[in-house]
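Working notes, beginning with the structure itself.
Numbering (the working numbering), first residue to last: 6 to 352.
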């Protein structure tokens, strides 16, 4: 929802965290539902935190990208700060942004957890990796199953596309409300005007460009994130002489990995984001993704495809690092709680 935000997932071994050998079907269902609910809640919490704190950066990105001629950042900031309510202006659109990112992250984390758990249970290597973690020192920065690069890429892309489709109407409202192109006074007014002039289809304007941006972004993010985290955790564990990773070390590794992964994935997929913004603001003019690209290049040059790149990298790096660190920390604490509860039940 960056995104944008996300995918901290319980490893395959954690099924036994909630279940003993003689657990009946009712307890199995209850445990699974409990974990799913927790993943949803943790994703919601992390998404809300990042979206509210970083709303000004998202608003500035939208304003820069909406310009027919690529606008610069400084004049845009000056215009907002010189308005009657500058603080309120910087956080304009916080509600739709929080709804989109919060619930989008919740859906993304939940679906991604389910996808990764399913893939993890089909790979024989996962059983070995899971058993090797039992009773041994934790030298990883999270409780994630180890999947192949292609699996990381595919699960991230599929989960993000699905969540993006569900949250698309909120995304359109967010973009138009943040923009000064329409000057909507309320979200209700924005939604009513879109449906009246464009029909329900208007609420899904730019979905093709959004999916073309989010699917590769999410897939690349998960791939880069896992690789960076694995390497940093390996370095940290070797420096600590195979001692368990401290909580602060794990959080730092997740934060740095999240920021770097987001920066790389954002730079690669930014043209799709620029096209998506134009389609959502002026669907009548740009029509579809291919036509939008042609018009943008003809009128504003190739540079228009990279409008807002600096802002988007900054926002994505911070929001992803923050959201994933919060999410991973919540999952790790939940895993510890479930493991302790399982020990008590076995006594």
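Think of the CB as a built atom: it goes at the ideal place given N, C-alpha and C, for glycine as much as any other residue.
- request: Please confirm if the segment 102–111 is in contact with the segment 41–60, defined as three or more CB-CB distances below 8 Å between the two stretches.
  value: Three or more beta-carbon pairs drawn from the segment 102–111 and the segment 41–60 are found closer than 8 Å, and the two stretches are therefore classed as touching.
- prompt: Leaving out the 5 sequence neighbours to the left and right, which residues in its chain are closer than 7 Å to residue 81 when beta-carbon positions are compared?
  reply: In the chain shown, the residue the question calls residue 81 occupies position 76. Only residues of its own chain outside the window of five on either side were considered, and among them 65, 68, 69 have a CB closer than 7 Å to the CB of residue 81, listed in chain order.
query: If you check the beta carbons only, do residue 273 and residue 225 fall under 8 Å apart?
result: Your numbering for residue 273 matches position 268 in the chain shown. Your numbering for residue 225 matches position 220 in the chain shown. For residue 273 and residue 225, yes; Cβs fall inside 8 Å.
query: For residue 208, which of 188, 181, 222, 335 has the nearest alpha-carbon?
result: Here residue 208 refers to the residue found at position 203 of the chain shown. Ranked by how close their Cα comes to the Cα of residue 208, the residues 188, 181, 222, 335 have 181 in first place.
message: So, under 8 Å CB-CB, residue 284 and residue 270 are touching, yes? Tell me the CB distance rounded to an integer number of Å.
response: Translated into positions along the chain shown, residue 284 becomes position 279. Translated into positions along the chain shown, residue 270 becomes position 265. Taking the Cβ atoms as the reference, residue 284 lies roughly 21 Å from residue 270, outside the contact range of under 8 Å.
Ranges of the alpha helix (DSSP H) found wholly within the segment 251–328, counting only runs of at least 4: The segment 251–328 contains, as complete alpha helix (DSSP H) runs of 4+ residues, the segments 252–286, 288–291, 294–305 (chain order).
- request: Run the CB neighbour count on residue 349, radius 10 Å, all protein chains shown included, and call it buried at 16 or more, exposed below.
  value: Within the chain shown, the letter at position 344 stands for residue 349. Label assigned to residue 349: exposed.
query: Under 8 Å, do residue 116 and residue 167 count as touching if we go by C-beta distance?
result: Position 111 of the chain shown, counted from the start, is the residue given in the question as residue 116. Position 162 of the chain shown, counted from the start, is the residue given in the question as residue 167. Cβ atoms of residue 116 and residue 167: closer than 8 Å.
- request: Go to residue 119, then tell me how far its alpha helix (DSSP H) extends in each direction, as first and last residue.
  value: The residue labelled residue 119 in the question sits at position 114 within the chain shown. If you look at residue 119, you'll find it in the alpha helix (DSSP H) that goes 99–127.
field: Cβ-Cβ separation, residue 215 to residue 281 (assumed contact under 8 Å), whole Å
entry: Numbered from its first residue, the chain shown carries residue 281 at position 276. Numbered from its first residue, the chain shown carries residue 215 at position 210. Contact between residue 281 and residue 215 holds, since their C-beta atoms are separated by about 5 Å, short of 8 Å.
Contact check, residue 98 vs residue 151, beta carbons under 8 Å: Looking up residue 98 in the chain shown gives position 93. Looking up residue 151 in the chain shown gives position 146. No; because the gap between Cβ atoms is not below 8 Å, this pair is not in contact.
CA-to-CA distance, residue 325 to residue 317, given in whole angstroms: Position 312 of the chain shown, counted from the start, is the residue given in the question as residue 317. Position 320 of the chain shown, counted from the start, is the residue given in the question as residue 325. In a straight line, the C-alpha of residue 317 is about 11 Å away from that of residue 325.
- prompt: Do residue 241 and residue 254 come within 8 Å of each other at the CB atom, strictly closer than that value?
  reply: Taking the chain shown and counting its residues from 1, the one referred to as residue 254 is at position 249. Taking the chain shown and counting its residues from 1, the one referred to as residue 241 is at position 236. Contact: yes.
query: Which term fits residue 288, buried or exposed, when burial requires 16 or more other beta carbons within 10 angstroms of its beta carbon?
result: For this step, residue 288 is matched to residue 283 along the chain shown. Under this definition residue 288 is a buried residue.
Whether residue 279 touches residue 230 by CB criterion (8 Å): Counted from its first residue, the chain shown places residue 279 at position 274. Counted from its first residue, the chain shown places residue 230 at position 225. With contacts defined by Cβ atoms closer than 8 Å, residue 279 and residue 230 do not form a contacting pair.
message: Starting from residue 201, trace the alpha helix (DSSP H) in both directions and tell me its first and last residue.
response: Indexing the chain shown from 1 puts residue 201 at position 196. Residues 192–203.
task: Look up residue 51 in the DSSP assignment and say whether it is helix, strand or coil.
output: Here residue 51 refers to the residue found at position 46 of the chain shown. Three-state result, residue 51: helix.
field: Sequence-distant residues of the same chain with beta carbon closer than 6 Å to residue 335, five excluded per side
entry: As a working note, residue 335 is residue 330 in the chain shown. For residue 335, where only same-chain residues beyond five positions count, the Cβ hits under 6 Å are 47.
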